[in-house]
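Shown next, in the form of structure tokens:
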């Protein structure tokens with residue numbers, strides 16, 4: 001049965017909020033990773049990669065807010081510290097000293113991780129009848145798979 005945020009059980013809300021906070025954390029770390037690579041990319045593909053990394057971090061900045069606002073709609077607490085996000089994230093920070101190909105590989109891995117995390121969050125939401133969170137997770141997961149495709153195309 002489909003339920004609105006307020007109609008979900010406290011346990012369901014808590015589980016979904018935890019999964020959404022994981023998604024926010026990984027999105028935030030990937031946002032900074034993309035911005036770092038945008039600043040530091042060099043080489044023959046500088047122009048297109050500089051632009052691609054910018055598209056990624058701009059998209060992800062908005063996504064962080066969308067995910068956090070869903071957490072608040074579920075009456076949860078949105079993790080707002082960088083330290084907490086870095087600790088929670090399956091995506092790692094990087095200092096930006098890397099070749100363009102290594103940047104592409106790291107960003108591809110981050111996008112794939114995000115897509116997987118969001119798919120899991122969407123499945124959890126669906127199990128509890130939270131179709132609105134499920135829909136948000138599906139839409140975000142599709143964006144990350146699209147970015148993964150773009151990145152993979154540069155590596156072939």
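Residue numbers (UniProt numbering): 1 to 156. Beta carbons are placed, not taken as given, at the ideal position from N, Cα and C, and that holds for glycine.
Among 101, 74, 56 and 48, which one has its Cα closest to the Cα of residue 15?
As a first step, residue 15 is located in the chain shown; it is residue number 15 there, counting from the start. Cα-wise, what sits closest to residue 15 is 74.
Can you give me the C-alpha to C-alpha distance between residue 77 and residue 84, rounded to a whole angstrom?
In the chain shown, the residue the question calls residue 77 occupies position 77. In the chain shown, the residue the question calls residue 84 occupies position 84. Rounded to the nearest angstrom, the two C-alpha atoms are 13 Å apart.
Please give me, in chain order, every unbroken run of the alpha helix (DSSP H) with length at least 4 that falls completely inside the UniProt domain "Ferritin/DPS" (18-156).
Fully enclosed alpha helix (DSSP H) runs of 4 or longer: 46-73, 82-88, 100-127 and 131-155.
Under 6 Å Cβ to Cβ from residue 17, same chain only, skipping five residues before and after it: list those, please.
Taking the first residue of the chain shown as 1, we reach residue 17 at position 17. These residues qualify, in order along the chain: 71, 74 and 76.
Return yes when the Cβ of residue 53 is within less than 7 Å of the Cβ of residue 34, no when it is not.
Counted from its first residue, the chain shown places residue 34 at position 34. Counted from its first residue, the chain shown places residue 53 at position 53. Cβ atoms of residue 34 and residue 53: closer than 7 Å.
When the Cα of residue 140 is compared with those of 43, 98 and 116, which residue comes out closest?
Stepping through the chain shown from its first residue, residue 140 is reached at position 140. If we check each option's Cα against that of residue 140, 116 comes out closest.
Can you give the Cα-Cα distance for residue 23 and residue 50, rounded to whole angstroms?
Locating residue 23 in the chain shown gives position 23, where the first residue counts as 1. Locating residue 50 in the chain shown gives position 50, where the first residue counts as 1. Distance between the alpha carbons of residue 23 and residue 50 is about 25 Å.
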